[in-house]
Structures are given as structure tokens and as C-alpha cells.
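Note sheet for the following structure.
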DNA sequence: ATAGGTGCAAAGTCTTTGCGCTTAA
DNA sequence: TTAAGCGCAAAGACTTTGCACCTAT
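Structure, rendered in C-alpha cells:
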């Protein structure tokens with residue numbers, strides 16, 4: 074693959090901005106200092122990079138796709154209130170691939186775990202507003 | 074919630090068609106016998122039903138959302154070749170919620186595991202075409 | 001009677017793509 | 001030199017929504 078400044082910047086942005094950015098986030102983040110950047114280029118490169126295994130695409134119900142620069146084994150928690158995505162390490166999944174291959178004839182390339190719920194901050198806010206009502 | 078014939082049909086379709094149908098599938102499936110049905114109604118009801126916990130919405134990278142009428146604990150394998158979705162039961166996830174609550178302050182509502190790879194049929198086809206080349 | 005649901009079509013949102021120009025190799 | 005990549009804008013895919021009509025309660 075031919076080098077491009079844009080791709081380098083996009084990869085850097087996903088790696089360094091640990092918010093699991095959307096394509097739009099990456100675009101606006103870079104647009105400030107690189108006014109010629111186009112959204113199409115961002116999409117093209119995010120897809121390229123995730124196909125190449127340089128970044129991960131995270132698919133979340135009722136939300137747009139996000140990208141993750143961390144390629145080590147970890148999983149994701151999504152807050153239903155604020156829509157933020159948090160990382161988590163889980164021990165009990167270490168045997169997952171093993172179990173799948175022994176129980177099915179499916180060739181496993183990868184897997185993702187998406188935990189949905191409410192983050193600490195939002196839970197706190199919800200508790201506060203409950204108090205106000207009662 | 075007020076009863077509607079359309080909603081009943083849509084729920085029945087998702088429950089009985091174990092292909093993890095997309096909204097479009099449900100629409101065309103029912104349209105045959107119910108020509109007045111509109112796609113908007115299908116979307117509205119699929120979203121309603123999944124919010125109510127009657128069905129599950131499955132979000133798959135690079136594919137449209139699918140719906141699942143099985144509400145018991147199980148997970149999903151997606152074939153990257155044919156895009157079909159298969160169910161799988163996994164034992165090692167039984168302690169997952171426990172581990173998350175003990176390790177984080179995240180309130181877990183649910184989680185989904187999406188395993189990507191290649192199904193048996195497609196793997197076979199891939200092997201065949203390799204043979205042809207060599 | 002009336003709140004909620006439907007059908008329809010239009011509008012939205014997010015993403016991809018065609019094309020002429022640019023640039024890394 | 002030239003194939004890959006870019007910027008732009010238009011098109012595409014999928015989903016939501018406003019509104020007038022309909023229907024379960």
C-alpha cells in the first residue's frame with residue numbers, strides 16, 4: 074500500500090484518541106489543522122485500516138460505528154445513557170475460541186463482546202433524578 | 074401498548090424465521106400476504122419490540138441490523154463469506170456478568186458476543202477454489 | 001371518543017463512490 | 001511515469017418521521 078499523509082494522520086488519531094472515535098469525530102478532529110481533508114478519505118482509510126487489522130471497527134446497536142486503535146484483547150462496555158464506550162479486560166473469555174472450535178465447525182477469525190448498561194456517572198445522575206421525583 | 078395486527082405478525086415472523094431476519098426480510102416476507110403493510114411500520118415495530126425485550130437487535134459490522142426472536146442466553150457467529158448468522162451456546166460466559174460487576178462500577182443490562190469467521194459451507198467452498206488454482 | 005397505530009412518501013443520517021486532480025514510488 | 005490516493009460532490013443504503021387516515025379500547 075502506498076503511503077499517504079492522510080492515512081497516517083487518521084491512524085494516529087484513532088490510536089491516540091481513546092474515545093473510540095466515529096468517522097465523523099476523526100474528520101472534525103483533523104479538519105482543524107488539515108482543512109483540505111475530506112470525509113470520504115476518512116471513511117476510505119478507516120475501512121482500509123480496519124480491513125488490514127491496524128484498527129478495529131466496533132459496531133454498536135442504535136449508534137454509529139466506532140473505531141478502536143487498541144488491538145490487544147479487550148472488550149467494550151457501552152453506556153445506554155451517554156453512549157460512551159469503555160474498555161474492559163475479561164479473564165473468562167480466554168477459553169472462548171477453544172470452546173468454539175471444539176463445539177462447531179466454524180473457522181473463527183475474531184470476536185467482539187459488547188456489554189450494554191449504564192456507566193457509573195450516568196447511574197449516579199439517574200439516582201439523583203429519582204430522588205428529586207420522590 | 075395497544076394491540077395491532079401488524080405488530081403481532083412482525084413478532085411472529087421474527088420468532089418463527091430463525092434466519093435472524095433484517096427489517097427488509099420481515100417486510101418482504103409479510104408483504105406477500107399483507108400487501109398494505111408498509112416498511113415504516115416494520116421498522117417502528119421491530120424497534121418497539123426490541124425496546125420491550127420481546128426480540129433482540131443484533132448489530133453486525135459491515136452489515137445491516139438483524140433481529141432475533143430467541144431471548145434465551147446464546148450468542149452469534151457471523152460468516153464473513155455468506156453473511157449468515159448462526160446461534161451458539163457458550164458455557165464459559167456464565168461468569169461474565171459476575172466478573173464485570175466485581176471489577177467495574179458499570180451496571181450491566183445485557184451483552185452480546187459476535188464471533189466472526191467462516192462457516193463450514195463457505196470454508197469448504199474456499200478450499201475447493203484453492204484446489205482449482207493450484 | 002380518542003389515543004395510539006398505520007400507510008405513504010418525504011426527509012434524514014451515515015457511508016460509499018465516480019471522477020478529475022495530485023502524489024508517492 | 002503511473003498507479004494509488006485525494007477532494008469534492010453526488011448518489012446510495014438504510015432508517016426515521018410527519019401527517020392524514022384508521023382502529024382497538
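Chains as they are written, first to last, in our numbering: chain A, 74 to 207; chain B, 74 to 207. No residue lacks a Cβ here, since even glycine has one placed at the ideal position from N, Cα and C.
From the DSSP output, in three-state form, read off residue i for me.
{"i": "residue 92 of chain B", "result": "coil"}
{"i": "residue 139 of chain B", "result": "strand"}
{"i": "residue 130 of chain B", "result": "strand"}
{"i": "residue 195 of chain A", "result": "helix"}
{"i": "residue 178 of chain B", "result": "coil"}
{"i": "residue 145 of chain A", "result": "coil"}
{"i": "residue 97 of chain B", "result": "helix"}
{"i": "residue 116 of chain B", "result": "helix"}
Report, in whole angstroms, the separation of the C-beta atoms of residue i and residue j, which I expect to be a contact under 8 Å.
{"i": "residue 107 of chain B", "j": "residue 84 of chain B", "result": "Rounded, the Cβ-Cβ distance is 14 Å, inconsistent with contact."}
{"i": "residue 112 of chain A", "j": "residue 103 of chain A", "result": "Not really, about 10 Å apart at Cβ, beyond 8 Å."}
Between the options, which has its C-alpha nearest residue i's C-alpha?
{"i": "residue 140 of chain A", "options": "A:116, A:162, A:152, A:153", "result": "A:116"}
{"i": "residue 175 of chain B", "options": "A:181, A:161, A:183, A:168", "result": "A:161"}
{"i": "residue 137 of chain B", "options": "B:98, B:121, B:204", "result": "B:98"}
{"i": "residue 181 of chain A", "options": "A:204, A:170, A:110", "result": "A:170"}
{"i": "residue 124 of chain A", "options": "A:111, A:135, A:144, A:105", "result": "A:144"}
{"i": "residue 187 of chain B", "options": "B:101, B:147, B:118", "result": "B:147"}
{"i": "residue 156 of chain B", "options": "B:100, B:133, B:112, B:168", "result": "B:133"}
{"i": "residue 191 of chain B", "options": "A:191, A:158, A:173", "result": "A:173"}
{"i": "residue 177 of chain A", "options": "B:184, B:196, B:183, B:76", "result": "B:196"}
{"i": "residue 194 of chain A", "options": "A:167, A:168, A:153", "result": "A:153"}
{"i": "residue 93 of chain A", "options": "A:101, A:130, A:163, A:78", "result": "A:130"}
{"i": "residue 183 of chain B", "options": "B:189, B:198, B:166", "result": "B:166"}
{"i": "residue 76 of chain B", "options": "B:205, B:101, B:121, B:96", "result": "B:121"}
{"i": "residue 163 of chain A", "options": "B:168, B:164, B:126", "result": "B:168"}
{"i": "residue 189 of chain A", "options": "A:91, A:101, A:135", "result": "A:135"}
Any idea which residues DSSP pairs residue i with across the strands?
{"i": "residue 173 of chain A", "result": "Beta-bridge pairing links residue 173 of chain A to no other residue."}
{"i": "residue 152 of chain B", "result": "B:190"}
{"i": "residue 106 of chain A", "result": "Answer is none; residue 106 of chain A lacks a bridge partner."}
{"i": "residue 161 of chain A", "result": "A:148"}
CB-CB under 7 Å to residue i, same chain, minus the five flanking residues each way: which ones, in chain order?
{"i": "residue 142 of chain A", "result": "87, 88, 128"}
Tell me which same chain residues have a C-beta within less than 6 Å of the C-beta of residue i, skipping the five on either side of it?
{"i": "residue 159 of chain A", "result": "150"}
{"i": "residue 80 of chain B", "result": "118"}
{"i": "residue 185 of chain A", "result": "none"}
{"i": "residue 100 of chain B", "result": "112, 115"}
Excluding five sequence neighbours on each side, which residues of the same chain lie with their C-beta closer than 8 Å to the C-beta of residue i?
{"i": "residue 199 of chain B", "result": "154, 191"}
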